[in-house]
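J.:
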Amino acid sequence: MRLRLRNRKMNIEKQLSADIQNSLSTLYQIDETVELQPTRKEFEGTYTYVVFPLVKALRKNPVEIANAIGEHLKENSDLVTNFNVVKGFLNLVLTKDIWTKMFNSLLSADRSVSNNGQSVLVEYSSPNTNKPLHLGHLRNNFLGYSVAKILSAAGFDVTKACLVNDRGIHICKSMIAYQQFGNGETPESSGMKGDHLAGKYYVEFDKAYKKEIEGLVAIGQTEEEAKKNAPLLKKAQEMLLQWEKGDKDVVELWQKMNAWVYDGFNATYKQIGVDFDKTYYESDTYLLGKDIVDEGLEKGVFYTKEDGSVWIDLTEEGLDHKLVLRGDGTSVYITQDLGTTELKYKDYQTDKSIWVVGNEQDYHFQVLFAILAKLGRPYAAGLYHLSYGMVDLPTGKMKSREGTVVDADDLVSEMIATAKDTTEERGKIAEFNKEEKAELFRMLALGALKYFLLKVEPKKRMLFNPAESIDFQGNTGPFIQYTHARIKSILRKAEAENINVPTEIGETELQEIETDLIYLLNDYPSYLAKAANEYSPSIIANYCYDLAKTFNSFYAEFSVLNEEDSSKRDFRLALVKEVAAKLKEGFGLLGIDVPERM
RNA sequence: GGUCCCAUAGCUCAGCUGGAUAGAGCAUCUGCCUUCUAAGCAGACGGUCGAACGUUCGAAUCGUUCUGGGAUCACCA
56 MRLRLRNRKM NIEKQLSADI QNSLSTLYQI DETVELQPTR KEFEGTYTYV
106 VFPLVKALRK NPVEIANAIG EHLKENSDLV TNFNVVKGFL NLVLTKDIWT
156 KMFNSLLSAD RSVSNNGQSV LVEYSSPNTN KPLHLGHLRN NFLGYSVAKI
206 LSAAGFDVTK ACLVNDRGIH ICKSMIAYQQ FGNGETPESS GMKGDHLAGK
256 YYVEFDKAYK KEIEGLVAIG QTEEEAKKNA PLLKKAQEML LQWEKGDKDV
306 VELWQKMNAW VYDGFNATYK QIGVDFDKTY YESDTYLLGK DIVDEGLEKG
356 VFYTKEDGSV WIDLTEEGLD HKLVLRGDGT SVYITQDLGT TELKYKDYQT
406 DKSIWVVGNE QDYHFQVLFA ILAKLGRPYA AGLYHLSYGM VDLPTGKMKS
456 REGTVVDADD LVSEMIATAK DTTEERGKIA EFNKEEKAEL FRMLALGALK
506 YFLLKVEPKK RMLFNPAESI DFQGNTGPFI QYTHARIKSI LRKAEAENIN
556 VPTEIGETEL QEIETDLIYL LNDYPSYLAK AANEYSPSII ANYCYDLAKT
606 FNSFYAEFSV LNEEDSSKRD FRLALVKEVA AKLKEGFGLL GIDVPERM
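As numbered in our numbering, residues 56 to 653 make up the first sequence, in order.
(1) Can at least three beta-carbon pairs, one atom from the region 586-604 and one from the region 188-206, be found at a separation below 8 Å?
(2) State buried or exposed for Pro513, treating a residue as buried only when at least 16 other CB atoms are found within 10 Å of its CB.
(3) Under 8 Å from any heavy atom of the ligand FAD, does the C-beta of Leu271 make it?
(4) What does the Cβ neighbour count give for Arg63, buried or exposed, with the cut at 16 atoms within 10 Å?
(5) With DSSP run on the structure shown, which of helix, strand or coil describes Phe320?
(6) For the alpha helix (DSSP H) containing Asn588, name the first residue and the last one.
(7) What three-state label does DSSP hand Ala522 in the structure shown?
(8) Only counting runs of 4 or more residues, tell me where the alpha helix (DSSP H) segments fall wholly within the region 244-313, in order along the chain.
(9) Taking three-plus beta-carbon pairs below 8 Å as touching, is the region 167-187 in contact with the region 209-219?
(10) Check whether the region 268-276 and the region 230-244 are in contact - that is, three or more C-beta pairs closer than 8 Å.
(11) Rounded to a whole number of angstroms, what is the C-alpha to C-alpha distance between Ala314 and Ile426?
(12) Please name the residue or residues paired with Gln92 in a DSSP beta bridge.
(13) Assuming Ala164 is part of the beta strand (DSSP E), what are its boundary residues?
(14) Consult DSSP for Glu415 and reduce its assignment to one of helix, strand or coil.
(15) Can you tell me the Cα-Cα spacing of Glu612 and Thr563, whole angstroms?
(16) I believe Leu438 touches Ser408 by the beta-carbon criterion, under 8 Å. Please report the beta-carbon distance rounded to the nearest angstrom.
(17) To which residues of the same chain is Lys69 closer than 7 Å at the C-beta, ignoring the five residues directly before and after it?
(18) Do you know how far the Cα of Tyr598 is from the Cα of Leu128?
(19) Based on the DSSP output, what are the partners of Asn712 in its beta bridges?
(20) Check each candidate in Arg381, Lys300 and Gly394 and name the one with the smallest Cα separation from Gly344.
(21) At a cut of 8 Å, does the region 601-611 reach the region 516-523 through at least three beta carbon pairs?
(22) Of the choices Val511, Arg222, Asp402 and Arg114, whose alpha-carbon is the least far from that of Thr531?
(23) Starting from Tyr400, follow the beta strand (DSSP E) in both directions and report where the run begins and ends.
(24) Can you tell me which residues form a DSSP beta bridge with Lys377?
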């Protein structure tokens, strides 16, 4: 791995800020940090410096200050050729060759990622083995995978982890229902994917369980009593105890059904293009954490109640008292998470650890992090819950138990069918063979789906309407994929005509839309940094959209290969090649592939 | 009831570390394919930025209160 000590990339904005700082100290003997913003389209200039904040200290009127700074910059800065002042806004016009310089520095930039010396573990997906993945899991998977990619591009050493919830009462429910109603059905005999088969029996359990409750209520029990007393639930609880004791038959059934489910999950993961470096299984880790409870008691961070249960007082942190171990000595959810957090740290010693988990667990993670901080864990400050909002349907919340979910496999299949129809309608891929077509349809389907789920800020809940299929036009994945394909088409044609793409360009007069593109390309690192800081793929998605949109405006108005001035043509060739590369790079961070043609 | 999150155009969303006249897409309407891919481009229409106070030269952005929606406050995970 290469380590770059300094960022050698020329940064106009930084240099300009420094020049302004210099002007301020020369003119007014003040030392201010300088923030620049892009000049609004309706004014002349590239960067704007707002002088209002100086007014108070300098006791001069803003226009006067702005003019003075402008004059000084014009005299002393190599970058500034002219300026104009509107109220307190100093609009700076930069020297003409700045754009070719900026672009050449982009062309010659070192594209390897420089390691930032930090490591991070990202846990996501974390499915339950009693049901197949649904739309909510897709948001989770795409988010986790993308955040891992983004952090990696930002220089982190990233480990992708998955914690499979493969034990517990919910798994036993599927198992009981299978025992009772399964008649030896298998994925082979039924033709169902293993995860769907397990999910079927989870739903079966709930149906039968509800019937039992009705029956008990009919003979006079209250609903609450009936829920506790229903024989099926008793059986599931009994089965969990047997599982914990290691009962041979139960463990065998558990292994058999889980193996089916893993086959199903692996097929889904492969289809949606998601993977992990490490998989943890809760059946291996659910007993962890008890030693941490002991440690907490010794340190006086935890306390014991009369019934033997162990608690922590988090009222100082603005939280409540929280149970960390049951009176009978068995674990609760938080106990396990204390244990797995410790385990992950022992395994990887990462500087940061991220959980991609829905916002219904916000409180749980507040508590978890607060406890680890109180225990003085060195890694506590690096823990982060990437909380995301639920995906709701027009009919309300998705519930696996009641079967009111948008199944992940079904949705992907439907999207592929839509991609096929949409593409064939346009009739542009006649020369594709069968495999190439299949690959393209999948690429577009996943592009549409991933972009749809990732372009929204993670913490916002979102609505998915199955009746309205996901668009392929406008602000969508396929729009950006299409833009990439268009550029590739130009590059192919150039190659066929033996026109080389230059690696350095000479001075040439540029259109405004071309400088817009250079500006955007040059700005990419700041978007990447922001996305990494905020763990937010939506920032990358929106950047790609901006870039694609701007390119398409350029494309509609100007021609690359039909440009008669060869220096302009060469510049445009290099420019569009950079745009394509950036779109591919950005979409790569979202886990979306881009086609050569479509 | 306590705590946390969300509220921007008819719909889906950007913008939020305070800056100039709040931007896209979808939908509706008008133009643009004998020229590098029309999954595109140009334009029209559409806004009390949930409400009220406050801080500020300046608030969609910060603060307080309120309204609406969601989540959570289990010896479930």
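Backbone N, C-alpha and C define an ideal beta-carbon position, used for all residues, glycine too.
T.: In brief:
(1) yes
(2) Sequence index remark: in the first sequence, residue 513 carries index 458 (1-based). Per the 10 Å Cβ criterion, buried.
(3) With respect to the ligand FAD, the structure offers nothing, as it holds no ligand at all.
(4) Position 8 of the first sequence, counted from the start, is the residue given in the question as residue 63. In this predicted model, Arg63 has a pLDDT of only 35, less than 50, meaning its place in the structure is not dependable; the value taken from the coordinates is given anyway. Exposed: under 16 other Cβ atoms inside 10 Å.
(5) Against the first sequence, residue 320 aligns to sequence position 265. If DSSP states are grouped into helix, strand and coil, Phe320 belongs with the helices.
(6) Here residue 588 corresponds to residue number 533 of the first sequence, with the count starting at 1. First-last of the alpha helix (DSSP H) with Asn588: Glu567 to Glu589.
(7) In the first sequence, the residue the question calls residue 522 occupies position 467. Ala522 falls in the coil class under three-state DSSP.
(8) 249-273, 278-284 and 286-300
(9) yes
(10) no
(11) The count along the first sequence starts at 1 and reaches residue 314 at position 259. The count along the first sequence starts at 1 and reaches residue 426 at position 371. Their backbone Cα atoms lie some 35 Å apart in a straight line.
(12) Reading the first sequence from its first residue, position 37 is the one you call residue 92. Paired residues: Thr103.
(13) Position 109 of the first sequence, counted from the start, is the residue given in the question as residue 164. Neither: Ala164 is in no beta strand (DSSP E) and is coded neither H nor E.
(14) As a working mapping, residue 415 is identified with position 360 in the first sequence. The answer is helix: DSSP assigns Glu415 an H, G or I state.
(15) Translated into positions along the first sequence, residue 612 becomes position 557. Translated into positions along the first sequence, residue 563 becomes position 508. Distance between the alpha carbons of Glu612 and Thr563: 18 Å.
(16) What you label residue 438 is simply residue 383 of the first sequence in a count that begins at 1. What you label residue 408 is simply residue 353 of the first sequence in a count that begins at 1. Correct: roughly 5 Å between the Cβ atoms.
(17) Working through the first sequence from its first residue, we reach residue 69 at position 14. So the list is empty, once near-sequence residues are dropped.
(18) What you label residue 128 is simply residue 73 of the first sequence in a count that begins at 1. What you label residue 598 is simply residue 543 of the first sequence in a count that begins at 1. For Leu128 and Tyr598, the distance between alpha carbons rounds to 31 Å.
(19) Absent from the structure is residue 712, since the part of the chain shown begins at 56 and ends at 653.
(20) Residue mapping note: residue 344 aligns to position 289 of the first sequence, counting from 1. Measuring from the Cα of Gly344, the nearest candidate turns out to be Gly394.
(21) no
(22) As a working note, residue 531 is residue 476 in the first sequence. For Thr531, the nearest C-alpha among the options comes from Val511.
(23) In the first sequence, counting from the first residue as 1, residue 400 sits at position 345. Where Tyr400 is concerned, there is no enclosing beta strand (DSSP E), although the alpha helix (DSSP H) it sits in stretches over Tyr388 to Tyr403.
(24) Looking up residue 377 in the first sequence gives position 322. Lys377 is bridged to Ile367.
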